[in-house]
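Numbering (this note's numbering), first residue to last: 210 to 535.
Structure, rendered in structure tokens:
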């Protein structure tokens, strides 16, 4: 499968004038005739419905969201299509509430397609590289925080139940191009990417807070990931991040009590602004992917952080009606 193209992201910008929900769904989904669609190709051809209703993640959007503590599941049923969205709280505890919510969703829905956070859609269905990582972990190899978290758990459930899983992320290069077009600089984008990964590292127990000595090693790994993430390759280091962080926030990263709150939607400033723009590009792509999977008799399960559900809620309700929360 080829990487999702920038026209996909561009197509998500215009809300247009919405006709009746049923007519739009039938017209838009009619192009997706194969029961097992080649998702990348479908996304490049089908204009996503109601994508203009995907909201930026702001304090206002969060206040409009369902007044429920994550994790919870939103269950949509429309025209024979079934969609469950597990709005997760990122976790690595097998007996935690997020893992229980995912297990219950598999039992209730018996999904055919599972959409997961953190994997590019362009890797295709049940990509070999992820199956190889799971097999290596099961054989005693290294297990990173991603595989120990809800995505790894959901992959295992999908493979054991016969469902196919696919990532809900756009190609990084497409997101970067979108941000460049908005006028953001590469060094600012790189710094925001590291800030976005920090909460996951803390949840996984890789460090506790800003003055934890282990944070230094985590930032080294995160900077290497940032460098590899850019196309073309962008030489980047922990030192570069720390210089950027102190310039942005006026204090060293490893002595910043607000390190994990710098991108909160209530915050002003360039870093939080870039994070909101980045999340909006990701969520418009995710919305388009969800719609592309909703062929007749579809059973699609989405497992993403609760903030993503909050931004997608209005678009999903416009396309599919109000959900039942469980």
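C-beta: ideal position from N, C-alpha, C; glycine also.
Determine the DSSP secondary structure at residue 424, reduced to helix, strand or coil.
By 1-based counting over the chain shown, the position of residue 424 is 215. Judged by DSSP in its simplified three-state form, residue 424 adopts helix.
Output needed for residue 236: all residues of its chain with C-beta closer than 6 Å, excluding positions within five of it in sequence on either side, in chain order.
To locate residue 236, count along the chain shown from 1; it is residue 27. At residue 236 the pLDDT is 41, less than 50, meaning the model places this residue with poor confidence; the figure from the coordinates comes in the next sentence. Excluding positions up to five away in sequence, the list is empty.
If residue 266 sits next to residue 474, beta carbons under 8 Å apart, how far is it from one beta carbon to the other, in whole angstroms?
Position 57 of the chain shown, counted from the start, is the residue given in the question as residue 266. Position 265 of the chain shown, counted from the start, is the residue given in the question as residue 474. Confirmed, about 5 Å.
If residue 366 sits next to residue 356, beta carbons under 8 Å apart, how far is it from one beta carbon to the other, in whole angstroms?
The residue given as residue 366 occupies position 157 in the chain shown. The residue given as residue 356 occupies position 147 in the chain shown. Not a contact, Cβ separation roughly 13 Å.
Grab me the residues of residue 271's own chain with a C-beta within less than 8 Å of its C-beta, minus the 5 sequence neighbours each way, in chain order.
Here residue 271 corresponds to residue number 62 of the chain shown, with the count starting at 1. Setting aside the 5 residues that flank it on each side, residue 271 is surrounded in the same chain by 474, 516 and 519, each with a C-beta closer than 8 Å to its C-beta; the list follows chain order.
On the DSSP bridge assignment, give the partners of residue 376 in chain order.
Counting from 1 along the chain shown, the entry for residue 376 is found at position 167. 325, per the DSSP bridge assignment.
CB residue 480 to CB residue 401, shorter than 8 Å?
Start at 1 with the first residue of the chain shown, and residue 480 comes out as number 271. Start at 1 with the first residue of the chain shown, and residue 401 comes out as number 192. Taking 8 Å as the cut-off, the Cβ atoms of residue 480 and residue 401 count as close.
Classify residue 293 as helix, strand or coil using the three-state DSSP reduction.
Locating residue 293 in the chain shown gives position 84, counting from the first residue. Strand at residue 293.
Starting from residue 495, trace the alpha helix (DSSP H) in both directions and tell me its first and last residue.
By one-based count along the chain shown, residue 495 stands at place 286. Segment 479-502, the alpha helix (DSSP H) holding residue 495.
Start and end of the alpha helix (DSSP H) containing residue 508?
Position 299 of the chain shown, counting from 1, holds the residue named residue 508. That residue, residue 508, is in no alpha helix (DSSP H); its beta strand (DSSP E) goes 508-514.
Going by beta carbon distance, what residues of the same chain come within less than 8 Å of residue 239, once the five residues before and after it are set aside?
Mapped onto the chain shown, residue 239 falls at position 30. Unreliable positioning characterises residue 239 in this predicted model, as indicated by a pLDDT of 42, which lies under 50. A coordinate reading is not provided.
Go through its chain and collect everything with a Cβ distance to residue 412's Cβ below 6 Å, but skip five positions before and after it.
In the chain shown, the residue the question calls residue 412 occupies position 203. For residue 412, same chain residues with a beta-carbon under 6 Å away, outside a window of 5 residues either side, are 299 in chain order.
Just the Cα atoms here: how many angstroms apart are residue 535 and residue 278?
Position 326 of the chain shown, counted from the first residue, corresponds to residue 535. Position 69 of the chain shown, counted from the first residue, corresponds to residue 278. Near 11 Å, if we compare the C-alpha coordinates of residue 278 and residue 535.
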